[in-house]
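K.L.:
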Amino acid sequence: MLDARRIREDFPVLRREVNGRPLVYLDNAATSQKPRCVIDALVEYYEGYNSNVHRGVHALSVEATARYEEARAKVTAFIGAPSHEQLIFVRNTTEAINLVARTWAPANVHEGDEILLTEMEHHSNLVPWQKVAQDTGAHLTFIPLAEDHTLDLSRLETVLTSRTRLVALTHVSNVLGTINPVKEIARAAHQLGATVLVDAAQSVPHMPVDVQDLDCDFLAFSGHKMCAPTGIGVLYVKRPVLDEMGPFLHGGEMVKEVWYDHATWNDLPLRFEAGTPNIADSIALGAAVDYLQGLGMENVRQHEVQLTGYTLNALKELEDVTLFGPKDLNVRGGVVSFYAHGVHPHDLGTALDKLGIAIRAGHHCAMPLMRKLNVPATARASFYIYNTEEEVDLLVDGLKQSLRFFSHVTRRA
Ligand code: PMP
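Numbering (the working numbering) for the sequence shown: 261 to 673.
#1: Of all the CB atoms in chain D, is at least one closer than 9 Å to the CB of Gly-602?
#2: Which runs of the alpha helix (DSSP H) fall wholly inside the stretch 375-436 and span at least 4 residues, in chain order?
#3: Kindly list the residues whose CB is nearer than 8 Å to the CB of Met-627, restricted to its own chain and excluding five residues on each side of it in sequence; keep chain order.
#4: Shorter than 8 Å, the distance from the beta carbon of Glu-379 to the closest heavy atom of the ligand PMP, or not?
#5: Cβ of Val-297 within 8 Å of any heavy atom in the ligand PMP?
#6: Could you compute how far the alpha carbon of Met-454 sits from the alpha carbon of Glu-417?
#7: Taking DSSP as the reference, what is the three-state secondary structure of Lys-498?
#8: Out of Ile-492, Tyr-551 and Asp-473, state which residue places its alpha-carbon closest to the alpha-carbon of Ala-461.
#9: Which residues neighbour the ligand PMP when neighbourhood means a C-beta less than 5 Å away from any of its non-hydrogen atoms? List them by chain order.
#10: Quick check: the Cα distance between Phe-508 and Leu-347, rounded to an integer number of angstroms?
#11: On the three-state DSSP scale, how would you describe Ser-343?
#12: Output the distance between the C-alpha atoms of Lys-660 and Tyr-285, rounded to the nearest integer angstrom.
#13: When we look at the beta-carbon of Val-456 and count the other beta-carbons within 10 Å, is it buried (16 or more) or exposed?
#14: When the distance is taken between beta carbons, is Met-505 closer than 9 Å to Ala-367?
#15: Please name the residue, chosen from Ala-337, Glu-307, Val-427 and Leu-411, that lies closest to Ala-244 on a Cα-to-Cα basis.
#16: Considering only the alpha carbon of each residue, which of Leu-612, Ala-264 and Arg-592 lies closest to Leu-663?
#17: Determine the contact status of Ala-618 and Leu-376, defining contact as a CB-CB distance below 9 Å.
#18: Would you call the stretch 591-598 and the stretch 561-572 touching, i.e. three or more CB-CB distances under 8 Å?
#19: Using the Cβ count rule (16 or more neighbours within 10 Å means buried), how would you classify Asp-521?
#20: When the Cα atoms are used, what is the spatial distance from Leu-615 to Leu-274?
#21: For a minimum of 3 consecutive residues, which ranges assigned as the beta strand (DSSP E) are wholly contained in the stretch 292-377?
#22: Can you pull the DSSP bridge partners for Phe-508?
#23: Taking only the alpha-carbon atoms, compute the straight-line gap between Pro-620 and Thr-638 and give it to the nearest angstrom.
#24: Per DSSP, what are the beta-bridge partners of Gly-622 in this structure?
#25: Do you know offhand how far Leu-413's Cα is from Ile-403's?
#26: Count the other CB atoms within 10 Å of the CB of His-624; is the residue buried (16 or more) or exposed (fewer)?
#27: Within a Cβ cutoff of 8 Å, which residues of the same chain sit near Arg-531, ignoring the five residues on either side of it in sequence?
#28: Would you mind working out which of Val-464, Thr-378 and Val-591 sits nearest Thr-401, comparing C-alpha positions?
#29: Counting along the chain, where does the alpha helix (DSSP H) carrying Tyr-551 start and finish?
#30: For the alpha helix (DSSP H) that Lys-516 lies in, which residues bound it at each end?
#31: Just list the alpha helix (DSSP H) runs in the stretch 564-621, keeping only unbroken ones of 4 residues or longer that don't cross its boundaries, in chain order.
#32: Is it buried or exposed, Tyr-306, if we count other Cβ atoms within 10 angstroms and call 16 or more buried?
#33: Of all the options His-450, Leu-429 and Gly-280, which has the alpha carbon lying nearest to the alpha carbon of Pro-441?
#34: If you count every other CB in all the chains shown that lies within 10 Å of the CB of Leu-320, and 16 or more means buried, which is it?
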């Protein structure tokens, strides 16, 4: 098990107060906090060996290149990818998915084809496919949500057809916390010749993920949700899918030889990393991977299971509060969304902020899912390695206090 209290000491920001109270940070699905070792990795780079990569012969450039590629190797191992050549550094999950939509899709998705998504996708794994559908004449289809907020797999045979070219789905829902059976869906998709993209923005930071075990063709995630800085993300691509993909952005670094009228492409994965990459943040992502591996991803997962169970138990006692997501903790990540009837989630978020408690309130970039759940927005608490049961107690007390206040205001109005 994790010792969250000890882990907290590694995170400088957790020492601060907000509105005169110790910060209770429960917005980890939006972005995680950063440990000292990650911040140090950034400072060491800028103070010690700041230089461009893959193009210099001087000492600093050689050192920066080695550390940049070392970070790639760490991330490759972290997700069980067979080779560093299959690991492309991008800005974030959104860019990773757009890379696939702009490079793989035009060559593989045609008029009348289908792209199968789920009803719980983040806009980042919906809007790029709407654009592909508009451009190609393909159709979007959806695996529906079941009553218990898992995917209704009894409908899989109907929605997954011989016309399905791509199945693009989230591993863990950022609203419901649902952990989707990606491996099972990938197997069914491959049997019909479809390609599979996994949005792992909410899974890679929180549980062991092995791309070869999942057998997905694409896997996308963001560093900033897993202790690393903003501005660095990852796209993994299986072979031979990768070998058949043309470049994304064109320019320096992604070329081998250039003439005035044409160019040839660099080796993998640099072919997909045009221009100067995000060197410092990639190296810091490597430090974040070291840190998480030191804790053990199975321990990270168990810690969140425990906190989620504890929170659901406490919240189900509250009157007029609807909880979303599966009750079964085996298929649920550390995300708890809820709706307090009669109180807009934004008001609740503001009231909790006055108590130093940071939760997220809004549509969580999943507007179609909000409509499906029949709410304008939800409040969401989401956990990570440094959260404790005491913090959940503060959340629950704060909620009770806020709900009392709002019911009083409503009665008087
Ligand atoms: N997919 C999911 C499931 C997410 O939770 C998020 C971030 N909220 C994204 C995609 C997009 O991540 P980013 O903003 O880092 O591109």
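Using N, Cα and C, we set each Cβ at its ideal position, and we do this for glycine too.
P.N.:
Here's the rundown:
#1: Included in the structure is just one protein chain, with no chain D present.
#2: 387-396 and 416-419
#3: His-383
#4: no
#5: In the sequence on display, residue 297 carries Cys and not Val. Not so, every heavy atom of the ligand PMP lies at least 8 Å from the Cβ.
#6: First, the amino acid is wrong: residue 454 is Ala here, not Met. Those two C-alpha atoms are separated by around 13 Å.
#7: coil
#8: Ile-492
#9: Asn-352, Thr-353, Thr-354, His-382, Ser-384, Thr-430, Asn-434, Asp-459, Ala-461, Gln-462 and Ser-482
#10: When rounded, the separation of the alpha-carbon atoms in Phe-508 and Leu-347 is 14 Å.
#11: coil
#12: One C-alpha to the other measures close to 18 Å.
#13: buried
#14: yes
#15: Because the chain here runs from 261 to 673, residue 244 falls outside it and cannot be looked at.
#16: Closest option to Leu-663, Cα to Cα, is Leu-612.
#17: No, Cβ-Cβ distance for Ala-618 and Leu-376 is not below 9 Å.
#18: Segments in contact, yes.
#19: exposed
#20: 15 Å
#21: 347-350
#22: Note: Phe-508 sits in no beta bridge, so no partner.
#23: Going by the sequence as given, residue 620 is Arg instead of Pro. Computed Cα separation, rounded: 8 Å.
#24: Thr-638
#25: 7 Å
#26: buried
#27: Sequence-distant Cβ neighbours of Arg-531 in its own chain, meaning closer than 8 Å and more than five residues away, are Pro-507, Met-514 and Trp-525.
#28: Thr-378
#29: 539-555
#30: Not the alpha helix (DSSP H): Lys-516 falls in the beta strand (DSSP E), residues 515-518.
#31: 605-614
#32: exposed
#33: Taking only the C-alpha atoms, the option nearest Pro-441 is Leu-429.
#34: exposed
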